[in-house]
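Only one structure is covered here, and it is reproduced in the block below.
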Amino acid sequence: MAEAGEKIITLADIKLFIDSGADIILLPAPGTVPGITMEYIRELIAYVHQRQKLALTAIGTSQEGADTDTIKQIALMCKMAGADIHHIGDAGYLGMALPENIFAYSVAIRGIRHTYRRMAMSINR
Numbered sequence: 001m002a003e004a005g006e007k008i009i010t011l012a013d014i015k016l017f018i019d020s021g022a023d024i025i026l027l028p029a030p031g032t033v034p035g036i037t038m039e040y041i042r043e044l045i046a047y048v049h050q051r052q053k054l055a056l057t058a059i060g061t062s063q064e065g066a067d068t069d070t071i072k073q074i075a076l077m078c079k080m081a082g083a084d085i086h087h088i089g090d091a092g093y094l095g096m097a098l099p100e101n102i103f104a105y106s107v108a109i110r111g112i113r114h115t116y117r118r119m120a121m122s123i124n125r
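Quick note on UniProt numbering: the sequence shown kicks off at 1 and runs consecutively.
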């Protein structure tokens with residue numbers, strides 16, 4: 001498991017990405033990769049923000065198919081770590097995240113009122 005744990009991404013990696021022109025840095029969501037804690041991701045996000053870039057946390061290791069309580073925990077850890085953009089992967093049924101998990105994630109990070117508002121908005125207005 002050479003890529004497991006916090007060594008999957010380091011400050012040096014992020015510096016290289018930014019120096020190469022990246023505007024958004026993708027990071028594993030806390031709790032989705034062994035050794036990736038909220039504290040470690042918070043440290044990486046602080047560096048990304050220091051460099052005036054955006055941080056995206058991603059659930060990309062099948063936890064998007066977990067129960068809603070797990071999704072809520074991951075969502076809150078991402079928010080507490082300072083994520084600017086949240087991504088939930090596509091390992092649910094038929095190649096998409098479970099709708100109830102997308103909903104649970106949204107409610108956890110922005111509340112029910114803003115979740116319903118976003119659901120009701122049209123991209124054509």
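From the three backbone atoms N, C-alpha and C, an ideal C-beta is built for every residue, glycine too.
Just so it is clear, the structure is predicted and the values come from calculations on it, not from any experiment.
query	result
I9 - DSSP class collapsed to helix/strand/coil	coil
N- and C-terminal bounds of the alpha helix (DSSP H) containing T57	No alpha helix (DSSP H) holds T57; the beta strand (DSSP E) holding it covers 54 to 59.
DSSP bridge partner residues for I85 (one or two, in chain order)	L56
Residues sharing a beta bridge with I36, DSSP	In the DSSP output, where bridge partners are listed per residue, I36 has none listed.
I85 and I8 closer than 8 Å at C-beta	no
Per DSSP, the bridge partner or partners of P28	A58
Opening and closing residue of the alpha helix (DSSP H) in which R118 lies	99 to 120
Helix, strand or coil at I123 according to DSSP, with G and I counted as helix	coil
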